[in-house]
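Worksheet: the structure to be examined is printed underneath.
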Amino acid sequence: MNQFYKYIAIVCLIVTTSTYNYAQQDFQGKAYYQTKTTMDLDNLGGREMSEQQKKQITERMKTMLEKTYVLTFSQTESIYKEEEKLEAPGSGRGFGMMGSFIGGAQYKNIKDKQMLQEQEFFGKQFLVVDELKDLDWELSGETKQIGQYLCFKATAVKKVDEFDWTSMRRGGRDNDNNKEDKEAKETGVETAKDSTKTESATKDFMDDIEIPKEIIVTAWYTPQVPVNNGPGEYWGLPGLILEINADKTTMLCSKIIMNPSDKDEIKKPSKGKEVTREEYNTITKQKIEEMREMNGGRGGGGRGR
């Protein structure tokens, strides 16, 4: 027990010293995150899409599902944005309507509880202004090492935005396809495939999707970097969040640089028409409905203007 208390005292001393050092000056840090979102592409399009078509879509989406982001942070502010790099022609960013859900730089102000998100949607630039929402974190004594940092586990239940593409999943359409397959096996007669459906299946990726209302989020944070910030919209823990597991998405910190010689200015984004999250979602709904009408009632995921 004496060794245990000695260990706790050492950890508290490190954290206290770190906090003191960071508070003495206008410090800045950079954390690099590797992000990956898994999607069930095996059932994409059901029986209407060939294996070759699925393979092509998988390759095109790879760059959208696996990215590197940089969180530049101070004690109270941060900017989270994708690491700049050249993209290959035909990469996932331009993948129809799905690509339209990819945002730009995200600004967080912990003190003012404000979040600003740059968002381009079908050629129009928006600046989404939102309140930095609290998560009811449940702290755990469970620990693990991430690089040189001792991390502690925390979990929370998070409400999912209705246009959060990272939690999108196939809905009832697959059940209909499975029903057709079952009937074909029982009768011995396979229903002929509609060639028009095969063509449109590639384009209408957004058809028949579902988004859960809530997900469980698991975070790993380190008090060794005493800022209550983290990747994306995540924050509110007594230490920098180094790993997030949220439904189908994983964010893992691969490198931290404290007080870099060349500091970046952390400033609020200002590009685009300023809208609230509710207003932006309304605009998105209207655009999706417009695309459906233009394409005979289908989602029109591949025909962005």
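Numbered by mature numbering (1 follows the signal peptide of the UniProt record, and there is no 0), the letters in the sequence shown go through residues -23 to -1, 1 to 282 in order. Glycine included, every Cβ here is placed at the ideal spot set by N, Cα and C.
CB of residue i within 9 Å of CB of residue j, strictly
i           : j      : result
Ile56       : Gln83  : yes
Phe103      : Gly118 : no
Thr195      : Ile234 : no
residue 283 : Thr226 : The requested residue 283 does not occur in the structure, where the chain is confined to residues -23 to 282.
Val47       : Lys85  : no
Gly209      : Met228 : yes
Ile243      : Glu54  : yes
Thr199      : Leu127 : yes
Gln33       : Val204 : no
Gln91       : Val105 : no
Residue of the options minimising C-alpha distance to residue i
i      : options                           : result
Lys135 : Leu109, Leu42 and Lys32           : Leu109
Leu112 : Lys121, Glu97, Lys13 and Val137   : Val137
Phe98  : Gly249, Met271, Arg269 and Glu255 : Gly249
Gly80  : Lys7, Asp89, Lys44 and Glu54      : Lys44
Gln5   : Asp239, Pro246, Asp141 and Ser247 : Asp239
Pro246 : Ile260, Gln30, Gln94 and Asp224   : Gln94
Thr132 : Met16, Ile192, Lys32 and Gly100   : Ile192
Asp107 : Glu187, Lys264 and Thr253         : Thr253
Phe140 : Lys262, Tyr9 and Tyr10            : Lys262
Tyr9   : Thr259, Lys232, Arg269 and Lys31  : Lys232
Leu42  : Ile218, Asp89, Gln201 and Thr143  : Thr143
Leu219 : Gln125, Lys31, Pro237 and Asn236  : Gln125
Tyr211 : Gln201, Tyr257 and Trp114         : Trp114
Cys230 : Asn236, Glu251, Asp89 and Trp197  : Trp197
Glu251 : Lys31, Lys101, Glu266 and Pro237  : Lys101
Buried/exposed call for residue i, threshold 16 Cβ in 10 Å
i        : result
Pro189   : exposed
Asn206   : buried
Gly213   : buried
Asp3     : exposed
Asp241   : exposed
Asp224   : buried
Thr15    : exposed
Leu116   : exposed
Met271   : exposed
Gln29    : exposed
Thr120   : exposed
Asn259   : According to the sequence displayed, residue 259 carries Thr and not Asn. The residue in question, Thr259, is exposed, as its Cβ has fewer than 16 Cβ neighbours within 10 Å.
Gln(-21) : In this prediction, Gln(-21) scores a pLDDT of 49, lower than 50, which makes its location untrustworthy; the coordinate-derived value is nonetheless stated afterwards. Exposed, because fewer than 16 other Cβ atoms sit within 10 Å of the Cβ of Gln(-21).
Met268   : buried
Ile87    : buried
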